[in-house]
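In this text, residue positions in the sequence shown follow our numbering: the first is 1, and each later residue adds one.
Here the structure comes first, spelled out in structure tokens, and everything after it is commentary.
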Amino acid sequence: HSSQYKNAGQLRPGAVLIAGAGNSGAEIGIELARQGRKVWIAGPDTGAPPFRLSSFWGRWLLGPLLLRVIFHRLLTIRTPMGRKARPRMLGKGTPLIRTRLADLRAAGIQRAPRVQGVQAGLPELADGSTLDVPNVIWCTGFHPGFAWIKLPIFDEQGQPRHEGGVVASQPGLYFVGLHFLFSMSSSMIHGVGRDAGRIVETLAARRARV
1 HSSQYKNAGQ
11 LRPGAVLIAG
21 AGNSGAEIGI
31 ELARQGRKVW
41 IAGPDTGAPP
51 FRLSSFWGRW
61 LLGPLLLRVI
71 FHRLLTIRTP
81 MGRKARPRML
91 GKGTPLIRTR
101 LADLRAAGIQ
111 RAPRVQGVQA
121 GLPELADGST
131 LDVPNVIWCT
141 GFHPGFAWIK
151 LPIFDEQGQP
161 RHEGGVVASQ
171 PGLYFVGLHF
181 LFSMSSSMIH
191 GVGRDAGRIV
201 ETLAARRARV
């Protein structure tokens, strides 16, 4: 995500507003601040684990515990903890993993409310103020792009209704890779593989019954 901004010549001279306070926004912000730019990061705090992933304990104990146990096995649609957490997780960015809030402060990065629009050609923040910056970098994630699916499977927020990737109302339609599809790790490398395997098993079981 952040490597495309290592060359500051791609941006106009001056300050930068990064819209999005997740991992990509934080890492891009630190890179630009190290290049001497004034940086604001707009958006709510997504939180962070209480340890550094790059530390000895983070690398060998706490990191695997977070990613392989909590994200992968505890926070799933099959556990009370996961079902309670899922609606909140779907509406916000994932916690900062590689970057700490202290790193942002140390780099001189300032926080700002989320961007809600444009006023007189300037980004308008949620508190009604504007920032006079020549550069805005959007790090607000992505939209999966479901417009090509012409089936009545979507909820009020435009998200597909499914159970762990299986769309019960439309036999033969499945999803993989969505945020918290089955667990908090579903959009991560070690989580999407498990989800894909489960979908394949479902396909094989249904074919065996035909």
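For every residue, glycine included, the Cβ atom is placed at its ideal position computed from N, Cα and C.
Note that this is a predicted model, so its numbers are computed, not measured.
Can you give me the C-alpha to C-alpha distance between residue i and residue j, rounded to a whole angstrom?
i, j, result
"Ala85", "Pro171", "28 Å"
"Gln116", "Ser24", "19 Å"
"Val166", "Ile199", "7 Å"
"Ile189", "Ala120", "42 Å"
"Glu156", "Leu181", "17 Å"
"Gly82", "Arg12", "44 Å"
"Phe154", "Arg34", "43 Å"
"Thr202", "Asp45", "38 Å"
"Gly191", "Gly58", "20 Å"
"Cys139", "Pro152", "30 Å"
"Arg111", "Ala204", "50 Å"
"Leu90", "Leu122", "29 Å"
Terminal residues of the continuous beta strand (DSSP E) containing residue i?
i, result
"Pro123", "Leu122 to Leu125"
"Leu62", "No beta strand (DSSP E) holds Leu62; DSSP gives it neither H nor E."
"Val39", "Val39 to Ala42"
"Gly117", "Val115 to Gln119"
"Arg34", "Taken as a continuous stretch (DSSP letters only), Arg34 belongs to no beta strand (DSSP E), being part of the alpha helix (DSSP H) at Asn23 to Arg34."
Helix, strand or coil: how does DSSP classify residue i here?
i, result
"Val167", "coil"
"Val133", "coil"
"Ala15", "coil"
"Ala112", "strand"
"Trp57", "helix"
"Phe71", "helix"
Which residue from the options puts its Cα closest to that of residue i?
i, options, result
"Gly108", "Ile41, Glu156 and Pro80", "Ile41"
"Lys150", "Leu173, Ala15 and Asn135", "Leu173"
"Asp195", "Phe175, Gly43 and Pro95", "Phe175"
"Gly14", "Val133, Met184 and Arg198", "Val133"
"His143", "Thr130, Val136 and Leu178", "Leu178"
"Ala48", "Arg100, Gln10 and Lys92", "Arg100"
"Gly93", "Gln159, Gly36, Glu163 and Gly141", "Gly141"
"Gly36", "Pro50, Val16, Arg114 and Val136", "Val16"
"Glu163", "Trp60, Ala147 and Thr76", "Thr76"
Are there 16 or more other CB atoms within 10 angstroms of the CB of residue i, so buried, or fewer, so exposed?
i, result
"Val118", "exposed"
"Ile97", "buried"
"Glu27", "buried"
"Ala21", "buried"
"Arg105", "exposed"
"Ser54", "exposed"
"Ser183", "buried"
"Gly43", "buried"
"Arg209", "exposed"
"Thr79", "exposed"
"Phe71", "buried"
"Arg207", "exposed"
"Ala168", "exposed"
"Leu125", "buried"
"Ser185", "buried"
"Pro87", "exposed"
"Leu74", "exposed"
For the alpha helix (DSSP H) that residue i lies in, which residues bound it at each end?
i, result
"Glu201", "Ile189 to Arg209"
"Met89", "Pro80 to Leu90"
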